[in-house]
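Worksheet for the structure shown next.
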Amino acid sequence: MRVPAFLRRIGSKNHHFMPVFAQQATYLIHASAALCEMTETLDPVKWRKLEREIKACEVQGDALLTEFHEQLFEVILGKLKKSDLQAIAMNIDEFLDAINDSAKSITLYMPKRIDSQIADLAQYAHSEADAIKKLMLLMGDVKKNYAQIAVQCERITELEHAADDAFAEYIGYIFTHETDAIELMKYKNIAETFEEATDSAKRLSDSVRKMIMRYTD
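Residue numbers (our numbering): 803 to 1019.
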């Protein structure tokens, strides 16, 4: 992958680190949408195709993160701390990794069915990715967009809580209704991986909250 030229302008007075975050968020949107598609089919061929698409986003995200770290090392910032920016970039990358792990869990376990609760968890992850995309576009001017940033952070928190509830309900459901022990463990492991993806988005939101609180002091 060729790294975008805008990365070489990172850290200037116009906050050119923002396009990096925006591009990371774009990979999240594409990967989470593909994950949703995986929950809509039982075709192993389509599963593998979509998994490859998600993996491509994950690989591109890794390359972007590496370049980000190299450029951040050379940058002098004002109120913004390098550790804050690094945490956000790494949290986005961890979310992307978790989406990739979720996709792999399906092709690994090859479940006989995809229950609606699994599809719901994928949709929660996709909605979180959408909120993160909006969040990253707002961070070019933290003071001006403080209220809107807080709204998107709260949206991510609400989505993560809803995903936790859906996960707990699903675990209870499969242990009550699934009689095939092997399939039960497949569904449980897949659900756990999907739920971890939604948790990753919450950790990103928490990092942004910490940064804007410090920035606006």
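Idealized CB from N, CA, C, for every residue including glycine. Note that the structure is a prediction, hence the values are computed from the model and not measured.
- Segment contact: the region 1003-1019 against the region 913-924, fewer than three CB-CB distances shorter than 8 Å; contact not assigned.
- For Val822, the three-state secondary structure derived from DSSP is helix.
- The beta carbons of His928 and Ser834 sit about 4 Å from each other, so the pair counts as a contact at 8 Å.
- Here Asp864 has Asp895 as same chain residues with Cβ atoms under 8 Å from its own Cβ, once five neighbours each way along the sequence are excluded.
- Shown here, Glu994 sits in a helix according to DSSP, grouped into three states.
- Per DSSP, reduced to three states, the secondary structure at Lys848 is helical.
- Taking C-beta separations shorter than 6 Å and ignoring five residues to either side along the sequence, Gln888 has no partners in its chain.
- CA-to-CA, the gap between Glu960 and Cys838 works out to about 19 Å.
- For the pair Leu940 and Ala968, the Cα-to-Cα distance works out to about 30 Å.
- A direct Cα-to-Cα measurement between Ala949 and Met1015 gives close to 12 Å.
- Secondary structure at Val1010: helix, using DSSP grouped into helix, strand and coil.
- Counting of Cβ neighbours within 10 angstroms places Phe823 among the buried residues, the total reaching 16 or more.
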